[in-house]
Amino acid sequence: MALKLGDMLREQGLITEEQLRKTLDQQKSAGGRIGYHLVQMGFVTEEQVTTCLSRQFGVPSVNLANYGIDRDVTKLIPMEVAKKYLVMPISRVGMTLTVAMADPSNVFAIDDIKFMTGYNIEPVVAAEAGVIESIKKNYGGSSALETIEKKESVDGKDYSMSEDDLASDFSEMDADSAVVDVDDFDKLVTGAVDNVEVVEEELEEKGMTDVDAPIVKLVNGILIKAIKLGVSDIHIEPYEKSFRVRYRLDGVLRKAMGLPLTIRNAIISRIKIMAKLDIAERRLPQDGRIKLKLGKKRDMDFRVSVLPTLFGEKVVMRLLDKGNLQLDMTKLGFEERALKDFQNALHKPFGMVLVTGPTGSGKTTTLYSALHQLNQISENIMTAEDPVEFNLAGINQVQMHEEIGLNFAAALRSFLRQDPDIIMVGEIRDYETAEIGVKAALTGHLVLSTLHTNDAPGTINRLLNMGIEPFLVSSSVIVIVAQRLLRRICSGCKAPAEVNPQALIEIGFKPEDAETMTVYHGTGCAVCSNTGYKGRVALYEVMAISERIRDLILQGASTGEIKAAAIEGGMYTLRRSGLEKVRLGQTTIEEVVRVTFAD
422 MALKLGDMLR EQGLITEEQL RKTLDQQKSA GGRIGYHLVQ MGFVTEEQVT TCLSRQFGVP
482 SVNLANYGID RDVTKLIPME VAKKYLVMPI SRVGMTLTVA MADPSNVFAI DDIKFMTGYN
542 IEPVVAAEAG VIESIKKNYG GSSALETIEK KESVDGKDYS MSEDDLASDF SEMDADSAVV
602 DVDDFDKLVT GAVDNVEVVE EELEEKGMTD VDAPIVKLVN GILIKAIKLG VSDIHIEPYE
662 KSFRVRYRLD GVLRKAMGLP LTIRNAIISR IKIMAKLDIA ERRLPQDGRI KLKLGKKRDM
722 DFRVSVLPTL FGEKVVMRLL DKGNLQLDMT KLGFEERALK DFQNALHKPF GMVLVTGPTG
782 SGKTTTLYSA LHQLNQISEN IMTAEDPVEF NLAGINQVQM HEEIGLNFAA ALRSFLRQDP
842 DIIMVGEIRD YETAEIGVKA ALTGHLVLST LHTNDAPGTI NRLLNMGIEP FLVSSSVIVI
902 VAQRLLRRIC SGCKAPAEVN PQALIEIGFK PEDAETMTVY HGTGCAVCSN TGYKGRVALY
962 EVMAISERIR DLILQGASTG EIKAAAIEGG MYTLRRSGLE KVRLGQTTIE EVVRVTFAD
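Its first residue numbered 422, the sequence shown is counted upward by one per residue in the working numbering.
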């Protein structure tokens, strides 16, 4: 869009080629929209920019200085949303809301506002400076910033909710504190439902104070039970006729309990208060964090995500237990050759180390273990993360904030002015981040990052598809690690399994091995809740970039050719790593087939 606007202004004779070049340089260093910089540098007026944008996008242009905007209209879009998208609601007719936008091509902003307000959105274009000034004028008064009275509803009825009433000392809980008996959920749920019904009957007199204790105990119980079971995620999900809680244990979701619909909103409000979220906002997604202190030496964090769905808000909480964070790389599950290749890359003076895999495959743990090994007093380590999952002493960790422009690319630019030795970028999502990361790797920095690809060889083509030149990829990337997590056989009920040798051959074992090896499975016991699995083990595919592979990248070779060369050079594929875990009796054939493809 930026270049198109500049070209249009140049073609109309409003700016020269030299002025456009200077403006693009300014935009590259400062960020923002090219129209804003053209006005600030005095090359064009705001009216000329908006007229050009109007012609470019085929929408009317407005001068917000001439608009007297009704207060009822501004209430439809919160100030935070107006500032985030640089928009200003200016009028409403029937079910159509007219919104002035600095960038009317931003379909994500239009969709968000449509979902949030329930109105059809009619965009018009306005000067960026005019939108900013209008936001200040219409939202800047004290009345626009007044505290929102926080309310929640139970079965559609509103009850004022005091944060002081509902906040408890659970976030500072000690090991000796009285914790709810999490095995007696039926009693807790019954108590919570009974109290909600009392509130409905005596709304005028009691508000929501009676529901306080049972709801707090119930939420505490859900969290404590999750910690005791060692789950990774808690899903709290409302549907039309049911309200359920599911736990993700060892990578698999299981239903933990069903709850009455009557306490749905009270449960979600309690979680929002613990995560310091806005309980009055039910139309937009929210993210927060709950910090718990369990005894004097154990901290537990819950990363909270709230998402509006058709029948209410769904809450997903990711458990982040620093005590279970495995930072010893030798215990993660690497094969001997793979571990050696990975560690060799980590001790290179510069280059790019990439860890790939789907969400929840353990990439963060692998990167943190690498950083832990590299964390020396002589090294300046900077990380850009979204979110920062664990705090690592001695490492400078930066939380991303997209809403204010602090993304991975912006953080990377700043890092390069902070004299770094090692840089970790949470994820390479776009060309800009990839380009800056590659250049950093080529200028004396060790860069660690993640990427979403299916295997290690496929990462090369992913970078090329992003727009990175082959010679840059071949000269910057030094190792690529692909990984998966699969369930470990429970040690309490581990036993030999009867398996047809032909089945072993079909999944990749050699015939001579299939005839003689012993395969294990879990028969089910109280320790593993009769699943046969307890805990997880990682599979790793480590592809060191050899001279042969560099040549193939420069020649534009296919993923298959690169993979064949890597295997020839001794790379263990994910499937082969999985077969090795079966051979060692750590997991089952079914798990390997579930998470890996045949070579």
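C-beta: ideal position from N, C-alpha, C; glycine also.
Whole-angstrom C-beta distance between residue j and residue i, which should lie under 8 Å
{"i": "LEU430", "j": "VAL465", "result": "6 Å"}
{"i": "MET500", "j": "SER555", "result": "Actually they are not in contact, since the Cβ atoms of MET500 and SER555 sit about 12 Å apart, beyond 8 Å."}
{"i": "PRO659", "j": "GLY733", "result": "4 Å"}
{"i": "TYR961", "j": "SER998", "result": "6 Å"}
{"i": "ASP671", "j": "ARG905", "result": "In fact, because the Cβ distance is near 13 Å, the residues do not count as touching under 8 Å."}
{"i": "GLY874", "j": "MET845", "result": "Checking the sequence shown, residue 874 turns out to be Thr, not Gly. About 18 Å separates the two Cβ atoms, so there is no contact after all."}
{"i": "ILE857", "j": "SER870", "result": "That belief does not hold up - the Cβ atoms of ILE857 and SER870 are roughly 11 Å apart, past 8 Å."}
{"i": "PHE771", "j": "TYR789", "result": "21 Å between Cβ atoms; not a contact."}
{"i": "ILE988", "j": "ILE970", "result": "ILE988 to ILE970, Cβ: 11 Å. No contact."}
{"i": "GLY781", "j": "ASP807", "result": "In fact, because the Cβ distance is near 16 Å, the residues do not count as touching under 8 Å."}
Residue i, buried or exposed, once every other Cβ within 10 Å from all chains shown has been counted against 16
{"i": "PRO635", "result": "buried"}
{"i": "VAL1023", "result": "Outside the modelled stretch of the chain, which goes from 422 to 1020, sits residue 1023, for which no answer is possible."}
{"i": "LYS1002", "result": "buried"}
{"i": "GLN820", "result": "exposed"}
{"i": "SER462", "result": "The amino acid at residue 462 is misidentified as Ser; the sequence shows Met. Flag for MET462 reads exposed."}
{"i": "ILE692", "result": "buried"}
{"i": "ARG704", "result": "exposed"}
{"i": "PHE829", "result": "buried"}
{"i": "LYS931", "result": "exposed"}
{"i": "SER450", "result": "exposed"}
{"i": "PHE664", "result": "buried"}
{"i": "GLU432", "result": "exposed"}
{"i": "LYS676", "result": "exposed"}
{"i": "ARG685", "result": "buried"}
{"i": "LYS557", "result": "exposed"}
{"i": "ILE825", "result": "exposed"}
Residue j beta carbon less than 8 Å from that of residue i
{"i": "LEU435", "j": "GLN477", "result": "no"}
{"i": "PHE773", "j": "ILE881", "result": "Sequence inspection shows Met at residue 773; the Phe mentioned does not correspond to that position. Contact flag unset, no."}
{"i": "ASN796", "j": "GLY815", "result": "yes"}
{"i": "LEU893", "j": "ARG883", "result": "no"}
{"i": "ARG513", "j": "VAL483", "result": "no"}
{"i": "ARG1004", "j": "THR1017", "result": "no"}
{"i": "ASN817", "j": "ILE802", "result": "yes"}
{"i": "VAL940", "j": "VAL920", "result": "yes"}
Rounded separation between residue i and residue j - CA only
{"i": "ASP842", "j": "ILE901", "result": "20 Å"}
{"i": "LYS915", "j": "THR751", "result": "24 Å"}
{"i": "GLU927", "j": "ARG1015", "result": "14 Å"}
{"i": "ILE569", "j": "ASP699", "result": "Note that ILE569 scores 26 on pLDDT, short of 50, meaning its location in the model is unreliable and no value can be drawn from it."}
{"i": "GLU623", "j": "ALA647", "result": "Annotation note: pLDDT 34 at GLU623 (below 50); position unreliable, no value reported."}
{"i": "THR472", "j": "ALA523", "result": "12 Å"}
{"i": "LEU837", "j": "GLN794", "result": "22 Å"}
{"i": "SER475", "j": "VAL528", "result": "16 Å"}
{"i": "GLY945", "j": "ALA918", "result": "13 Å"}
{"i": "THR854", "j": "PHE763", "result": "23 Å"}
{"i": "TYR560", "j": "LEU639", "result": "39 Å"}
{"i": "ILE553", "j": "LEU507", "result": "7 Å"}
{"i": "SER979", "j": "ALA759", "result": "23 Å"}
{"i": "GLN1007", "j": "GLY913", "result": "13 Å"}
{"i": "MET938", "j": "CYS949", "result": "25 Å"}
{"i": "ILE711", "j": "ASN641", "result": "12 Å"}
{"i": "THR1009", "j": "GLU756", "result": "18 Å"}
{"i": "VAL809", "j": "LEU792", "result": "14 Å"}
{"i": "SER942", "j": "GLY865", "result": "First, the amino acid is wrong: residue 942 is His here, not Ser. Near 48 Å, if we compare the C-alpha coordinates of GLY865 and HIS942."}
{"i": "ILE974", "j": "ALA877", "result": "13 Å"}
{"i": "ASP654", "j": "LEU827", "result": "27 Å"}
{"i": "ALA861", "j": "LEU833", "result": "9 Å"}
{"i": "ASP722", "j": "GLY709", "result": "11 Å"}
{"i": "THR786", "j": "ALA959", "result": "10 Å"}
{"i": "VAL776", "j": "VAL868", "result": "11 Å"}
Option nearest residue i by Cα separation, candidates the options
{"i": "LEU715", "options": "ASN875, SER526 and ASP742", "result": "ASP742"}
{"i": "VAL545", "options": "ALA503, GLY479 and ASN487", "result": "GLY479"}
{"i": "THR517", "options": "GLY781, ALA924 and ASN541", "result": "ASN541"}
{"i": "LYS735", "options": "ARG442, ARG667 and ASN812", "result": "ARG667"}
{"i": "LYS697", "options": "ARG675, VAL727 and ASN686", "result": "VAL727"}
{"i": "ALA521", "options": "ASP532, GLU543 and SER790", "result": "GLU543"}
{"i": "TYR488", "options": "LYS676, GLY879, THR519 and LYS504", "result": "THR519"}
{"i": "PRO481", "options": "ALA701, LEU441, ALA548 and GLN448", "result": "ALA548"}
{"i": "GLN839", "options": "LEU485, GLU800 and MET678", "result": "GLU800"}
{"i": "ILE657", "options": "GLY651, ILE643 and GLU936", "result": "ILE643"}
{"i": "MET992", "options": "ARG957, ALA959 and ALA903", "result": "ALA903"}
{"i": "PRO681", "options": "ILE694, ARG669 and LYS662", "result": "LYS662"}
{"i": "CYS911", "options": "SER896, ARG957 and ASP934", "result": "ARG957"}
Any non-hydrogen atom of the ligand PLP within 7 Å of residue i CB
{"i": "VAL480", "result": "With respect to the ligand PLP, the structure shown offers nothing to examine, as it has no ligands at all."}
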